[in-house]
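Residue numbers (the numbering used here): 12 to 769.
Backbone N, C-alpha and C define an ideal beta-carbon position, used for all residues, glycine too.
Notes for the one structure printed next.
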């Protein structure tokens with residue numbers, strides 16, 4: 012187990028690393044050559060211009076104004092200065108509410124930390140010190156934890172009372188935040204300008220009809236069942252193969268530009284390349300001619316594929332984006348059942364156009380359940396097999412385990428500095444490395460499940476990542492740490508001592524999590540703001556690919572908030588803070604530093620860097636609330652288990668009410684606020700429609716919606732003509748039916764009703 016000296020060394024290393032990252036960022040952001048890397052959002056908004064224009068040659072690349080270096084930390088107050096309403100307008104509600112999660116952590120844990128150090132730390136420190144339980148020796152950190160309180164002591168009442176105080180304080184903060192975010196969402200939706208998704212519903216699992224195409228069947232169905240509000244629709248076509256061709260063509264165009272630039276710099280020699288894999292082998296050819304020919308070939312394949320998609324009826328999938336004349340009509344359709352058969356004509360709110368994940372729209376609806384079952388099984392095995400590296404990481408925190416496995420390390424671990432580094436830095440760093448590829452794997456699994464929007468994919472991946480962190484990073488770390496660190500005690504102590512050893516497993520794991528917080532939450536967050544990878548990529552593109560100002564703008568990579576990664580990571584800190592608040596208060600200041608530092612860094616990033624890929628109106632907040640509640644419940648159960656091993660028979664039963672209150676609070680908030688994030692109130696929809704008709708009565712909504720939900724690779728350019736299926740007026744006074752006379756009476760009745768209504 013890590014000692015105070017080990018944690019001190021870890022703190023020194025990580026603080027110095029964070030300072031180094033911050034100093035590097037403060038210097039790099041001042042250089043004109045890096046301006047597009049650290050302020051891309053302002054360029055995308057058209058507000059910021061290149062600082063390299065109208066400057067001396069040296070000043071175009073390096074900032075020679077020494078006064079600016081004296082104010083190199085002015086980005087910190089600037090990140091906090093923008094008020095929240097302006098931040099919402101500037102970056103969107105999703106981004107503003109995302110950084111509010113960090114502020115929520117401060118609101119919860121700052122008062123808890125103060126109370127813990129005022130009440131629980133003295134109670135633990137002044138208790139009868141037990142230097143040893145069997146063969147297990149306590150460290151100086153344990154003296155500040157509940158491990159230092161003797162078994163059966165009445166001092167445990169202090170922990171029970173503070174558990175209630177912490178729980179009710181968390182309830183209050185969570186309720187106020189849920190209420191505030193719900194209110195801001197309603198205000199955002201009410202004040203938001205017109206968007207296609209406000210009038211559009213995604214319809215899936217359209218039943219096949221032997222006499223009508225999908226396009227005709229959709230139009231007929233909605234003219235019959237929504238005669239006063241149906242406006243138009245766009246069927247979904249399987250353009251996945253076309254998307255691959257377009258992507259390959261873009262890649263080849265980048266290589267062509269690279270070799271053209273190279274030839275312009277050195278016109279005496281034509282550049283060459285090899286035709287094999289990644290240009291590593293194969294026939295040597297002229298690079299410019301080769302890539303130009305390949306682009307022409309792909310362009311022809313792209314044209315043929317477009318024509319095939321437009322002419323082949325099998326390319327139309329049983330899904331469509333159906334638009335209505337009003338928000339009220341769209342809300343009614345999206346939030347009601349369309350057929351007596353609940354498995355067909357399934358409707359949901361359409362994602363905004365840039366949020367649509369087009370690849371999954373072509374997946375047959377019947378296969379979605381199978382896909383999700385397979386991914387649930389895959390997640391189980393992934394979580395199970397990942398326990399092996401997690402257990403290995405825990406072994407790094409135990410010198411005895413290392414010496415037993417690697418005897419040649421014994422002379423090294425005897426040196427205090429090396430031992431402190433291994434115990435104080437290496438476990439957290441190793442765990443961070445093991446988790447690098449995990450979010451990518453979980454996102455791939457979510458895509459296989461078939462969800463149709465980027466926002467839902469991120470929320471789904473975040474749910475998987477949170478479950479993984481809860482089981483492997485928290486529970487397995489505690490259990491594995493106990494199993495490895497206390498193995499000798501388990502084998503050699505009498506059975507009566509084993510519950511006591513298990514009882515201190517949670518507080519003894521605090522030092523491991525402290526080292527992880529410093530590696531991931533301090534140095535890791537500081538590394539985020541430097542943006543080292545986008546910096547290198549931008550300068551590589553700027554050197555080899557950029558020919559025009561438009562090319563330079565495309566070379567920028569502003570990135571975006573990685574909700575699927577960042578939110579589960581935050582939830583781990585919420586869990587650790589709630590679990591250790593009544594057990595080992597010494598961990599709480601490290602969490603406070605994480606939330607405060609992250610709030611400042613990510614606020615700066617969404618103001619100056621990140622480009623919003625989509626806007627969901629903070630639909631993720633119920634997930635955030637639910638996961639904090641889960642962490643709160645786990646902390647209460649673990650505290651009950653801990654006190655039961657400490658022979659606190661009188662105080663332990665007093666905690667039974669806490670999980671019950673927590674479950675009640677969750678369902679109360681769910682019933683009170685969650686519908687705001689899943690449904691659009693008809694009253695609000697009618698108000699917005701009425702105001703819009705009064706202020707802009709002549710607005711052509713059909714023209715506005717036509718083409719809004721076309722696959723991006725079908726978007727027309729200045730040199731292309733619109734595809735035939737986009738140009739159609741579809742302004743039919745009647746709904747022609749092609750159903751045979753052998754159809755059912757109900758179908759004939761629907762046809763006649765549709766003809767009379769539309």
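| Item | Value |
| --- | --- |
| With residue 527 as the anchor, note down where its alpha helix (DSSP H) starts and where it stops. | 521 to 527 |
| Determine the direct distance from the alpha carbon of residue 476 to that of residue 580, and round the result to whole angstroms. | 8 Å |
| If we ignore side chains and look at the alpha-carbon of each, how far apart do residue 378 and residue 115 end up? | 40 Å |
| CB residue 596 to CB residue 22, shorter than 8 Å? | no |
| Use the C-beta contact count for residue 162: other C-beta atoms within 10 angstroms, 16 or more gives buried, fewer gives exposed. | exposed |
| Quick check: residue 472 and residue 453, are their CB atoms within less than 8 Å of each other? | yes |
| Quick one: using the 10 Å Cβ neighbour count with 16 as the cut-off for buried, is residue 633 buried or exposed? | buried |
| Identify which residue in 606, 87, 520 and 178 has its Cα closest to the Cα of residue 485. | 520 |
| Using only alpha-carbon positions, find the residue among 282, 306, 305 and 629 that is nearest to residue 295. | 282 |
| Can you name, in chain order, every residue of its own chain whose Cβ lies under 8 Å from the Cβ of residue 35, other than the five neighbours on each side? | 541 |
| Taking 8 Å as the threshold (C-beta atoms), are residue 533 and residue 605 in contact? | yes |
| Look at the alpha carbon of residue 90 and the alpha carbon of residue 83, and state the distance between them as a whole number of angstroms. | 13 Å |
| Return the chain-ordered ranges of every alpha helix (DSSP H) run that is complete within the stretch 179 to 211 and spans a minimum of 4 residues. | none |
| Tell me which residue opens and which closes the alpha helix (DSSP H) that residue 106 is part of. | 104 to 126 |
| Under the rule that 16 or more other beta-carbon atoms within 10 Å means buried, what is residue 136, buried or exposed? | exposed |
| Grouping DSSP H, G and I as helix and E and B as strand, with all else coil, what is residue 333? | strand |
| Taking the alpha-carbon positions, what's the residue 242 to residue 333 distance? | 8 Å |
| In angstroms with no decimal places, state the Cα-to-Cα distance between residue 31 and residue 327. | 55 Å |
| Return the residue from the list 608, 25, 594 and 481 that minimises the CA-CA distance to residue 177. | 594 |
| According to the Cβ coordinates, are residue 622 and residue 55 closer than 8 Å? | yes |
| Which runs of the alpha helix (DSSP H) at least 4 residues long sit entirely within the stretch 629 to 673? Give them in chain order. | 632 to 656 |
| Quick one: what's got a C-beta closer than 8 Å to residue 305's C-beta in the same chain, skipping five residues either side? | 263 |
| Check whether the Cβ of residue 109 lies closer than 8 Å to any Cβ atom in chain D. | The structure shown contains no chain D, having only a single protein chain. |
| Suppose contacts are defined by Cβ-Cβ distances below 8 Å. Is residue 390 in contact with residue 480 by that definition? | no |
| State the Cα-Cα distance for the pair residue 848 and residue 322, rounded to the nearest angstrom. | Nothing about residue 848 can be read from this structure; the chain reaches only from 12 to 769. |
| Alpha carbon to alpha carbon, what distance is there between residue 182 and residue 356? | 41 Å |
| Figure out for me which residue from 602, 643, 678 and 538 has the closest Cα to the Cα of residue 584. | 602 |
| Using the Cα positions of residue 221 and residue 227, report the straight-line distance between them to the nearest angstrom. | 11 Å |
| Grab me the residues of residue 101's own chain with a C-beta within less than 8 Å of its C-beta, minus the 5 sequence neighbours each way, in chain order. | 93 and 618 |
| Are the stretch 708 to 726 and the stretch 193 to 213 touching by the rule of at least three beta carbon pairs closer than 8 Å? | yes |
| In this structure, how does DSSP classify residue 244 when only helix, strand and coil are distinguished? | strand |
| Exposed or buried, residue 564, counting other C-beta atoms within 10 Å across all chains shown (16 or more means buried)? | exposed |
| Leaving aside the five residues before and after residue 127 along the sequence, list all residues of the same chain whose C-beta is less than 8 Å from its C-beta, in chain order. | 173, 592, 593, 596 and 599 |
| Identify which residue in 52, 37 and 29 has its Cα closest to the Cα of residue 620. | 52 |
| Are the CB atoms of residue 246 and residue 361 within a distance shorter than 8 Å? | no |
| For residue 165, which option in 681, 689, 695 and 654 has the closest C-alpha, if you only look at C-alpha atoms? | 654 |
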